[in-house]
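Encoded as C-alpha cells, the structure appears first; notes follow it.
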Amino acid sequence: MSFDTAYSGIGRLDLLSYRDTVVHRLDPRAKVVATLLFVAVVVSFPKYEVLSLLPFFLFPILVGALGDVPAGFIAKKVVAVSPFAVFVGIFNPLFDPGVVGIAPGVSVSAGWVSFASILVKFALTISAALLLIATTSFPGICRGLRRLGFPALFVSQLLFLYRYTFVLMEETMRVARARDMRSFGNRGTGLRVFVRIVGTLFLRTVERAERIYGAMLARGFRGEVPSMRREALRPSDAFFVLAAGCFFAVCRFVPVPQMVGRLARRLAG
Amino acid sequence: MHMADALLSPAVGGTFWAGTIGAIGFASKRLKERLDDRTIPLMGVLGAFIFASQMINFTIPGTGSSGHLGGGMILAVLLGPHAAFLVMASVLTVQALFFADGGLLALGCNIWNLGIYPCFVAFPLIYRPLAGDGRSARRILVASVASGIAGLQMGAFSVVLQTLLSGKTELPFGTFALMMQPIHLAIGVVEGLVTSGVINYVRAARPEILDSPASAMPLAAGVSLRNILAGFTVLAVVTGGALTWFASTRPDGLEWSIAKVTGKRELPGHERGAAASLKGLQEKTAILPDYGFKPSPIEPKAKKEESPPWPTVDAGTSASGLVGGVLVLGLALGIGWAIRAFRGYNRTGSP
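These protein sequence lines are chains Y and G, in that order. Taking this note's numbering, the leading residue of the first sequence gets 1, the next gets one more, and so forth. Taking this note's numbering, the leading residue of the second sequence gets 270, the next gets one more, and so forth.
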C-alpha cells in the first residue's frame, strides 16, 4: 500500500463519518455495542459453518445502505486486508482431507468448507468494523468508549492521536515524496535514509508537541479533554441495539437458510 | 502479523481483550501517579508520528523487499514502558478502525502481541540492562537488536498460540511456528536496526529528550550482573526460536499427548498427520452441523458424539440449505440495493 492511497483511504472514511443519515445519528455507544455483539456472534459459529452465516450479511448491508456508504469502497478495503487470513486458512484444504457432501452428488474436502467459513467470517467482521467507523465520527467513538468506562487518559490519547494524525501524515507524505523523487529504483530507499527521516520527523514532532502544550495551557487544559455533547441514550438507540441483538440471536440459533429453502421448495411444488 | 477476527474463537478473543483492558487500566493508573500534563500531548502526537512513519516503506537490506516500522521499542525507550504501551494501544486501535487491520475482536490480541511484549517484557528485561546508561551508541545498537528480536519472536509465537487455541485452522503447530518464527527473526533484526538508528539520531541531536525516561533507569553500577542475566534471556529466546525448528520435524510429541488425552487411538491410518491431533481436539468442542454435511465413513467417530443442535431432517436438507442460503443472501442484497435506489431517487427526484 503506497503512502498516498493509505492516506486517502483514511481521509475518505473520515469524511464519510461526518454525514447525516439515520445510522450516523445513532448514539456511538449503541453502534459500538451492536458491532461488538455482531463480531462475537459471527465468530462463535463452529468452523464448518457456512450457510447459517449468510443471513448475517443483512446487518452490514443494511447499515451500509441506510448510512449511505459506498459498497465498492468497503469491499475493496476488505479485500486489501485479507492476505493474512487467506494465508492461514488456505492450509485447511491441505490438512483436512475428510470428504463431505455439500449438495446431492457433489462432495468436496472438509477443508474447503472450513476455509470458506473463514472467508465468510472475515468478510463479515471486517466490513462491520469498517462500517462502524464510516458511520461514526472518531471523536464520537472516543466519547462512547469513555462513557463505557475506558480510562480517561487512554481516551484522550486516542483523541490526540486522531487530531494530529492528519497533520503529521501530510508532513510525512511530503518527506516521503521528496525521498522517492530523489531515489532511483531501490537506491535511496534503504535503512540509512529511512532512519534519518524518522529521526527528523521525531524531533519535529516533539517540538510540535511542546507548542501544542503551550497553546493548550493558554486555553485552560487540566489533563483531560472535556466534552459538551448530549450524553443521554434515546429510545431509538435502545431500539437499534435491541433489534440488532434479537436478529443476531435468531440467526445464531435458528437455521434460517434451511427454513427459507424448504419454504421455497414447497412453494415451487 | 495482525491477528484476524475470522481465525479467532470468542473465548480466545475475549480472554485477550480482558488482559489488554487490564493492562490499559494498569498503565493509565501508573502513568497518572507521576505524570505531568506535558506528557499527554507528547504521547498523542508521538502516536500520530508512529502511525505516519509506519506508512513509509523502506528497502530491507539484501532482499530488495520493503518493510515498515513497528515502533513499540522506539516508544518504550523514548517515553518509558507505561506511556509507550498506551501509545501503541491507541495506534493499533486506530489501525483496527481505519485500516481494518485484523478486526475488533482481534484488537485485544493485537494490542497484547505488539504492545505488551515490547513494552513490558523486552524493554525492561533486555533493552534496559543491555543499554546501561544509554551513552554508548554500540550498546544501544546491541540492546535494540536484541530486544527487537525478542519482542517480535514473542509476538509471533503468541499469534501461533492464539490461532491454534481458537481451532479454526488445520495448520499443525510445528509448521505454523516454523513459518512465523524465522520471518519475524528477520523483521526483528530490521526493527532493532531502525530503533537504534533513531535513538542514536535523537541522542546526537537533542540528548535531553532521552534524559527524562533515562532518569528512571537503573544506575550503571549494577550493569555487569544484569548484562549476564540479559545475555541469558536473549540466548533463551533465540534458542527457543531455533528449537521450534527441531520441534517441527518431530511433531509427534504434541500429537501423541493429545491423542492420549482424548483417548482416540483408533484414528484412521491416513489421518495420522499432525492435523489429526488438533482436529480431534477441535471436534470435541465444535458442533458439526449435521444438516448439509454427510460425514463420509472415513471420518473419525468423534463427530457423531456431539448431540445435534436441532433434530436431523430429511435427505433433501442439504439441497434446501443451499437454495435457502442463496435466497437469503439474494434477499439481503436486494434490500440493500432497494434502499440505495430509493435514496438515489429521492435525491434526484426532490427539488
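Just so you know, even glycine gets a beta-carbon here, dropped at the ideal spot from N, CA and C.
A direct Cα-to-Cα measurement between L447 of chain G and I456 of chain G gives close to 15 Å. Taking the Cα of G98 of chain Y as reference, the smallest distance to any Cα among Y:A85, Y:F84, Y:V88, Y:S114 is reached at Y:S114.
When the beta-carbon positions are compared, H271 of chain G and D370 of chain G come within less than 7 Å of each other.
Across the region 354-372 of chain G, CB contacts with chain Y closer than 9 Å involve L355, V356, A358, S359, V360, T362, V363, A365, L366, F367, F368, A369, D370, G371, G372, in sequence order along the chain. Assigned with DSSP and collapsed to three states, S82 of chain Y falls in coil, not helix or strand. DSSP places S427 of chain G in the uninterrupted alpha helix (DSSP H) bounded by 406-435. Approximately 5 Å separates the beta-carbon atoms of T21 of chain Y and D68 of chain Y; this is inside 8 Å, confirming the contact.
Residue range 106-109 is occupied by the beta strand (DSSP E) that includes S109 of chain Y. Look at V99 of chain Y here: in three-state DSSP terms it is strand.
Here Y213 of chain Y is not near R475 of chain G, since their CB atoms are 7 Å or more apart. Between the region 149-168 of chain Y and the region 176-185 of chain Y, the count of Cβ pairs shorter than 8 Å is below three; the stretches do not touch.
Put simply, of Y:A6, Y:M169, Y:S107, Y:F202 the residue whose alpha carbon is nearest the alpha carbon of F73 of chain Y is Y:A6. Non-local beta-carbon contacts of A116 of chain Y in its own chain, meaning distances under 6 Å to residues more than five positions away in sequence, involve V50 in chain order.
Using a 10 angstroms sphere on the CB of P255 of chain Y, the tally of other CB atoms reaches 16 or more, which defines it as buried. Ranking G:E302, G:P398, G:T328 by CA distance to the CA of L191 of chain Y puts G:T328 first.
Annotated three-state conformation of F87 of chain Y is helix, per DSSP. Annotation: L440 of chain G is outside any alpha helix (DSSP H) and is labelled neither H nor E by DSSP. Flagged as an interface residue toward chain G: L191 of chain Y, by a C-beta distance shorter than 7 Å.
Proximity of Y164 of chain Y to chain G, defined by a Cβ-Cβ separation below 7 Å, is satisfied.
Within the region 281-307 of chain G, contact with chain Y at the beta-carbon level (separation under 7 Å) is assigned to G282, I293, G294, S297, L300, K301, D306, R307. In this structure, DSSP gives F45 of chain Y a state outside helix and strand, which the three-state scheme calls coil. Where T136 of chain Y is concerned, there is no enclosing alpha helix (DSSP H), because DSSP gives it neither an H nor an E. Chain-ordered, the chain Y residues with CB closer than 8 Å to the CB of R475 of chain G read L203, V206. Among the CB atoms of chain G, none fall inside 7 Å of the CB of L15 of chain Y. From the beta-carbon of V471 of chain G, the residues of chain Y found nearer than 9 Å are G199, F202, L203, V206. Contact between the region 395-409 of chain G and the region 432-439 of chain G is absent, with fewer than three C-beta pairs closer than 8 Å. With a beta-carbon spacing of about 14 Å, R408 of chain G and G417 of chain G fall beyond the 8 Å limit used to define contacts. Across the structure, I141 of chain Y and M169 of chain Y are spaced so that their CA atoms are roughly 21 Å apart. Y48 of chain Y and A152 of chain Y have their C-alpha atoms roughly 42 Å apart. In this structure, the CA atom of R262 of chain Y is about 34 Å from the CA atom of F95 of chain Y.
Contact annotation for F240 of chain Y against chain G: no contact, minimum CB-CB distance about 16 Å [criterion: below 7 Å].
Around the CB of P83 of chain Y, fewer than 16 other CB atoms lie within 10 Å, so the residue is classed as exposed. For the 7 Å CB-CB criterion, V597 of chain G and R208 of chain Y do not form a contact.
DSSP places T362 of chain G inside the alpha helix (DSSP H), whose first and last residues are 350-367. Taking the C-beta atoms as reference points, D305 of chain G is found no nearer than 7 Å to V39 of chain Y. The distance from the Cβ of I343 of chain G to that of L361 of chain G is about 15 Å, inconsistent with a contact at the 8 Å cut-off.
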